[in-house]
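Residue numbers (our numbering), protein chains in the order written: chain A, 4 to 462; chain B, 4 to 462.
Idealized CB from N, CA, C, for every residue including glycine.
This report concerns only the one structure given below.
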């Protein structure tokens, strides 16, 4: 019976004949026998295959190299050594696909920089097996949380004519031949000749469209790829990443924070439950204390505090800041770090100055701040950003004018306020930022299967 | 207690005081009382709100218009009339957001063409409430199927330098100013000055990257947006749509068909289970016999037949074809229809002529056909397309040369065959095509929240 390696660890196969299909992680040869560290990707653990001198083609088997694909027939037996509970005593080892001596993935510690150069092979290493399985499990946990709570998964469009972020941060999408650009009478590029008859972009957010669906289904979420043209080569920026954007009608800022907190705890809990081997690996080799950090988060009650109060705390701190904390300005990484350490807890910072926030956020009665909230998490900084949305038609128009928003491309969005408008709120969470937090892996390039960053679109 | 309307239908609330928040679908006024057909989007069903003369602000309440948002306080009571089991006797009706007399969504039958013109409001209608909830439930069912069966959800990149489909079908992505194009010495567009230092596209498939992950995790799937530049205005084409692309190592064509069949039955079953009201609505107003059709599919065993045999059956049919069935050519819509009716079942058509299939499909020993399979479904035509992939390095190279594939951008893909290659297979399913089949709604524009088609990128 052909089975996944995963099943060996779920059921008792000792004494049974099985067939496995997978790859060689490493191969230790002795004169009279050999050991193959064998994996098939269905779980983090590999399985030890033992073969002895009396097996068919012993000499051929001894030549099998790391990375080769094999079919193994054998008997599951109790392991005589202490390293594992059981192993497979091979009765047949069939080479399916050979691998050369210079196979880039060898059973040793490769640098992450090197492994990025072989992005098509790096998911075969233990580190990336762990990272990308956690990525899958975390994604599913997010879907579970929202579906279990009655949210409608909404596929908002990626091709748009405008969005909240400003078109200078968006990729242009076109079907034209750059060497035969259609031009108008003035010799300028004529987008009316392009496929959509106008200039279109790839979006940086699904929020606006999400709001249309939230005012139809009450609770919706998006989960899809997002794009930014930022030309920055930092550990936390990529030009393509995935985002989750829930939007909830009849929900205010307090209600929004309840949802953010509950969702995050659910997802962290599911990953700890479902990926114990992977999390143990991260804890041991990537970030010491990771599981403690995450367990603590699940059991904590997140702090909720005003931006203004945060500025006061920062100014009262006995610290020489690189950036002076000042009302009206964004807070820096060093401030985020201090605040989460100060409270030793995740912190919701609420009611930010309106000048540094987008046009759609609801203005507070003070006229200075908006009903927005950032969630700061110990060791990772900002994990989510959200707000109550301006639900008043006139106030939203006024805000658009104040901020020079081109209203022609978002008139449908503004008009939502004319038809049964209601208080509503939403937030965005960068999926990769969550993964960095969950795995301890620091660089966004290492949590995306094939990362896209400036001057880097190989593979 | 504020609750979702959905909960009224899940638990017994009769005799309880509740608060509801949602919108007016219609409002019937009498002199002494009134009825509000009230929904909040959390389930397909609405709830009847009754108010009587003695309520506060009776005259104001009578002015409430369709589409307005309300907060209702009231008592759940057994319904005196036969139309429903219970209703809410309002003690308070609070207008939250007004709606004008000319609110586009009125309680009457609007044409789908008209509703596409108000794409931001159409999810409030019963048809689109049903369509987009089924979309969400079907998406979750797909995730469940693959996660329950040990597949790793893989986010393949959308930004690519090349893919299987040929770049003439792909959107170009750029950050340049079209009126200040960077040019090289020859006066041609210089893509090295663009963000990635080369010309990049938005992908039409995640398959190639999926294969890299399948040869690491054995079983993977993608589920994400996909793009085609096709300038065709048909009922089944959109420029942006969602696709599911599973890829499985150590799996041949027979195994692949097993998976396709099992997955489809699972998803159809989940939607029937979880969306009974929506499916009943489609059955009544959109496609008569829909639930019977879907139930039959779940209980049928799909036919598996060679392409060559299909051509013979078509040629033996006593029918005057618009397109003559001919070995070596694709089959037309009329043929698909005939074949599924001939067998009265979903039909897997296998082993297609290699000339009409992509370079990566595995050539059969006959030298004429490839190990590919299309699933044809009664009433919807082709639902999935898949194949065994060429796992042999030399054969793949030969095929690339034969078909003039630019190997420089896919060298990493080809090289996967050098490192422990194995038999592997995968398929693609257009998510919207599945939705058209599940809902009976015929036009792809009506199953995508904000559809993108040539010259149409409003909203």
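C-beta contact flag for residue i and residue j at 8 angstroms
i	j	result
residue 73(A)	residue 8(A)	no
residue 2(B)	residue 80(B)	Nothing about residue 2(B) can be read from this structure; chain B reaches only from 4 to 462.
residue 306(B)	residue 362(B)	no
residue 256(A)	residue 376(A)	yes
residue 155(B)	residue 392(A)	no
residue 437(A)	residue 194(A)	no
residue 227(B)	residue 158(B)	yes
residue 56(A)	residue 36(A)	yes
residue 247(B)	residue 269(B)	no
residue 274(A)	residue 144(A)	yes
residue 238(A)	residue 459(A)	no
residue 50(B)	residue 11(B)	yes
residue 351(B)	residue 260(B)	yes
Residue i burial status per 10 Å Cβ neighbour count (16 or more: buried)
i	result
residue 43(A)	buried
residue 297(A)	buried
residue 315(A)	exposed
residue 201(A)	exposed
residue 127(B)	buried
residue 398(A)	exposed
DSSP three-state assignment for residue i, whether helix, strand or coil
i	result
residue 452(A)	coil
residue 48(B)	coil
residue 150(B)	helix
residue 432(A)	strand
residue 95(A)	strand
residue 372(B)	strand
residue 184(B)	coil
residue 292(B)	coil
residue 462(B)	coil
residue 191(A)	coil
residue 399(B)	helix
residue 161(B)	coil
residue 54(B)	strand
residue 212(B)	helix
residue 362(A)	coil
residue 283(B)	helix
residue 121(A)	coil
residue 340(B)	helix
Residues that residue i contacts on chain A, provided the C-beta gap is smaller than 9 angstroms
i	result
residue 324(B)	Those within 9 angstroms of residue 324(B) in chain A number zero; the least Cβ separation is about 33 angstroms.
residue 486(B)	Given a span of 4 to 462 for chain B in the structure shown, any question on residue 486(B) remains unanswerable.
Chain-ordered neighbours of residue i on chain B, where CB pairs are closer than 7 angstroms
i	result
residue 26(A)	423
residue 30(A)	None at all; the shortest Cβ gap to chain B is about 12 angstroms.
residue 99(A)	425
Chain-ordered neighbours of residue i on chain A, where CB pairs are closer than 8 angstroms
i	result
residue 228(B)	158, 161, 227 and 228
residue 53(B)	Residues of chain A passing the Cβ test: none, with the nearest at roughly 20 angstroms.
residue 355(B)	In chain order: nothing, as chain A lies at least about 25 angstroms away.
residue 115(B)	Here the premise fails: no neighbours, minimum Cβ distance about 16 angstroms.
For residue i, the residue or residues it bridges with in DSSP
i	result
residue 30(B)	39(B)
residue 248(B)	225(B)
residue 175(B)	177(A) and 204(B)
residue 132(A)	Its beta-bridge partners do not exist; DSSP assigns none.
residue 230(B)	243(B)
residue 427(A)	252(A)
residue 382(B)	DSSP, once it has assigned bridges, lists no residue as partnering residue 382(B).
residue 307(B)	351(B)
residue 390(B)	375(B) and 429(B)
residue 77(A)	21(A) and 93(A)
residue 100(B)	72(B)
residue 5(A)	22(A)
residue 356(A)	372(A)
residue 156(A)	224(A)
Contact test: residue i Cβ vs the ligand HEM heavy atom, cutoff 7 angstroms
i	result
residue 327(B)	Among the ligands in the structure shown, none appear at all, so the ligand HEM cannot be discussed.
Per-residue contacts from residue i into chain B (C-beta, under 9 angstroms)
i	result
residue 215(A)	122, 123, 124, 126, 452, 453 and 462
Interface residues of chain B facing residue i [CB-CB closer than 8 angstroms]
i	result
residue 143(A)	146, 150 and 156
residue 182(A)	191 and 192
residue 243(A)	160, 161 and 162
Contacts that residue i makes with chain A (C-beta to C-beta distance below 7 angstroms)
i	result
residue 240(B)	Per Cβ cutoff of 7 angstroms: no residues; residue 240(B) is ~12 angstroms from chain A at best.
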